[in-house]
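Trainee:
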Amino acid sequence: KSTSWTIEDFEIGNLLGRGRFGYVYCGREKQTRFVVALKILFKAQLKNSKMEQQVKREIEIQSNLKHPNILRLYGFFHDEQRIYLLLEYAPGGELYRRMQTEKVLRESEAAGVNIRFYFLYVEIDDICNCFFLIGYEHTLEVTFN
């Protein structure tokens with residue numbers, strides 16, 4: 002849902018991650034104080050890599066996905082240089098980083114990863130790239146890149 006938001010409507014917090022086309026920050030909408038993961042993509046980099054259509058497609062797909070293990074895309078907006086995606090915030094971070102520090106997942110966590118990965122493979126194979134994130138209460142969630 003594109004709205005009349007601008008970057009001025011958000012407080013920008015810590016850097017959560019970076020990718021080939023931009024950055025992800027913890028953000029908070031100033032009026033409601035609602036916390037989001039604010040993904041900022043640079044249009045020039047997308048254009049140079051011929052990725053504009055893929056980003057449009059991923060926004061369309063993720064806007065329509067409603068599942069407890071998939072991070073919500075609450076909305077998006079853009080300016081002349083950037084595209085801003087307002088994503089559900091997963092305070093536990095990326096599963097990959099957690100596995101690098103902990104080296105081993107408990108059996109119950111690993112089983113959850115396998116079940117959710119199978120769901121992802123069956124439902125949306127070859128549509129988007131994704132990341133597994135740890136949400137509140139250590140729930141596993143998926144976001145798309």
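Letter by letter, the sequence shown follows residues 2 to 146 in the numbering used here. Note that the Cβ used here is the ideal one computed from N, Cα and C, for glycine as well. Values in this document were obtained by computation on a predicted structure and should not be read as measured data.
Could you check where the alpha helix (DSSP H) with N49 kicks off and where it finishes?
Mentor: Its alpha helix (DSSP H) spans residues 44–49.
Trainee: Here's the rule: buried if 16 or more other CB atoms are within 10 angstroms of the residue's CB, otherwise exposed. What is L16?
Mentor: Answer is exposed; the Cβ neighbour count stays below 16.
Trainee: Determine the contact status of V37 and Y85, defining contact as a CB-CB distance below 7 Å.
Mentor: Going by C-beta atoms, V37 is not nearer than 7 Å to Y85.
Trainee: Provide the residue span of the alpha helix (DSSP H) that contains I84, from first to last.
Mentor: From DSSP, I84 is part of no alpha helix (DSSP H) but of the beta strand (DSSP E) over 83–88.
Trainee: Could you say which of I41, N49, T102 lies nearest to F78 if we only look at CA atoms?
Mentor: Selected option, being the one with the closest Cα: I41.
Trainee: Which residues does DSSP list as the beta-bridge partners of E53?
Mentor: BP columns for E53 are empty, so no partner.
Trainee: Select from N49, S50, L87 the residue whose C-alpha is nearest the C-alpha of G76.
Mentor: Of the candidates N49, S50, L87, the one whose C-alpha sits nearest the C-alpha of G76 is L87.
Trainee: Tell me which same chain residues have a C-beta within less than 7 Å of the C-beta of G23, skipping the five on either side of it?
Mentor: Correct list, in chain order: K40, I41, L42, F43.
Trainee: Residues in its own chain within less than 8 Å of G28 by CB, not counting five upstream and five downstream?
Mentor: These residues qualify, in order along the chain: F11, E12, I13, G14, V36, V37, A38, L39, L87.
Trainee: Residue range of the beta strand (DSSP E) that R29 falls in?
Mentor: First-last of the beta strand (DSSP E) with R29: 23–30.
Trainee: Spell out the partners DSSP gives L74 in its beta bridges.
Mentor: Per DSSP, L88.
Trainee: Would you call E59 buried or exposed, if buried means 16 or more other Cβ atoms sit within 10 Å of its Cβ?
Mentor: It counts as buried.
Trainee: Taking the straight line between their C-alpha atoms, what separation do you get for P92 and L66?
Mentor: Computed Cα separation, rounded: 20 Å.
Trainee: Tell me which residues share the same chain as S64 and place their Cβ nearer than 6 Å to its Cβ, disregarding the 5 neighbours each side in the sequence.
Mentor: Correct list, in chain order: L74.
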